[in-house]
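Undergrad: Residue numbers (our numbering): 6 to 216.
Each residue gets a CB set at the ideal place from its N, CA and C atoms; glycine is no exception.
These numbers were taken from a predicted model, which means no experiment stands behind them.
First the structure, then my questions, so here it is.
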Amino acid sequence: MSEPSVTSSARLERRHALGTLLKARGDALVVAGLGSPVWDLAALDHRAENFYVWGGMGGTVAIGLGLAIAQPDRPVWVVTGDGEMLMGVGSLASVAMQQPSNLSILCFDNEHYVETGGQRSHTGSGVDLSAMAAGAGLKDAVTVTDDEGLTALAGTLANGVAYGAASGPIFATVKVTSDSPPRVQPPRDGAFLKTRFRQAVLGNRAALHPS
């Protein structure tokens, strides 16, 4: 891993990068932002402990923050993209104020708005999301551009899973290509996804306290 830096020409294949990091997942709860994070997570590790955010662009980090506070004994990962993170960048300040040690935010940055036609995003013109996270107050904010950095990040995440993510919150910008591997789409029914996730997290308690 490296310190926050400006746009780099180095790139990782998107699904490969997430697959490498998921090897360190353990029992972490994962919130996936709309678009490619949803499809990649479903393709690589589809399970009830995934909360797929099909809509609500810009809200994924806020959802992950609330989950991390509500479940302090479980590692919580947010998997999102640069477009969604740019829309919800203010949530990083809330994360910094709360400092949940069990929260890891993984932003896969392809520097484009792929879902709306491939327009270049602000990160393609030098906006540095890791620097913004560091400026908000997240001390562990890094940018990953190659396999060496990816392996180091996976090790950091594995330690967080093993030791309760005592050094969090973590923010990582993972620079990826704009490729589009085959889409794997999980269920789109919001009520079903919410209920399934609640039952996975709370077990029998979910039935005792229905929302």
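#1: Is the CB of V84 under 7 Å away from at least one CB in chain C?
#2: What does DSSP give as the partner residue(s) for V179 in the beta ladder?
#3: Answer yes or no: do G86 and G38 have a C-beta to C-beta separation smaller than 7 Å?
#4: Name, in chain order, the residues that DSSP records as bridge partners for F197.
#5: Measuring CB atoms only, is the stretch 100-110 touching the stretch 122-135, in the sense that at least three cross pairs come out at less than 8 Å?
#6: Note down, in chain order, each residue of its chain lying with its Cβ closer than 8 Å to the Cβ of V58, except the 5 sequence neighbours on either side.
#7: Looking at the secondary structure, which residues open and close the alpha helix (DSSP H) in which G88 lies?
#8: Check whether the stretch 18-30 touches the stretch 175-187, taking contact to mean three or more Cβ pairs, one atom from each stretch, closer than 8 Å.
#9: For S130, count neighbouring C-beta atoms within 10 Å of its own C-beta (all shown protein chains included) and say buried if the count is 16 or more, exposed if not.
#10: Can you have a look at F197 and say buried or exposed, based on whether 16 or more other CB atoms are within 10 angstroms of its CB?
#11: Quick check on M90: buried or exposed, where buried means 16 or more other Cβ atoms within 10 Å of its Cβ?
#12: Would you decide whether R52 is buried or exposed? Buried here means 16 or more other CB atoms lie within 10 Å of its CB.
#13: In whole angstroms, give me the CA-to-CA distance for L97 and L143.
#14: Can you give the Cα-Cα distance for G93 and S99, rounded to whole angstroms?
#15: What are the partner residues of A53, as DSSP defines its beta bridges?
#16: By how many angstroms is the C-alpha of P80 removed from the C-alpha of A170?
#17: In the DSSP output, what is A37 paired with across the bridge?
#18: Tell me which residues share the same chain as G160 and place their Cβ nearer than 8 Å to its Cβ, disregarding the 5 neighbours each side in the sequence.
#19: Take S126 and list the residues in its own chain whose beta-carbon comes closer than 7 Å to its own, dropping the five residues that flank it on each side.
#20: Pick out whichever of D151, G60, Q190, Q124 has its Cα sitting closest to the Cα of L26.
#21: What number of angstroms, rounded off, separates the C-alpha of E4 from the C-alpha of N164?
#22: Leaving out five residues on either side along the sequence, give the residues of the same chain with a beta carbon under 8 Å from the beta carbon of D32.
TA: Checking against the coordinates, here is how it stands:
#1: The chain inventory of the structure shown lacks chain C, comprising one protein chain alone.
#2: F113, V149
#3: yes
#4: Beta-bridge pairing links F197 to no other residue.
#5: no
#6: V36, A37, G38, L39, V43, G64, T65, I68
#7: 87-92
#8: yes
#9: exposed
#10: exposed
#11: buried
#12: exposed
#13: 8 Å
#14: 11 Å
#15: Per DSSP, none; premise fails for A53.
#16: Its pLDDT being 47, under 50, A170 is placed unreliably by the model, and nothing is read from it.
#17: Y57, V84
#18: A29
#19: D87, G88, L91, E116, H117, Y118
#20: D151
#21: With the chain covering 6 to 216 only, the question about residue 4 has no answer from this structure.
#22: E54, R79, P80, V166
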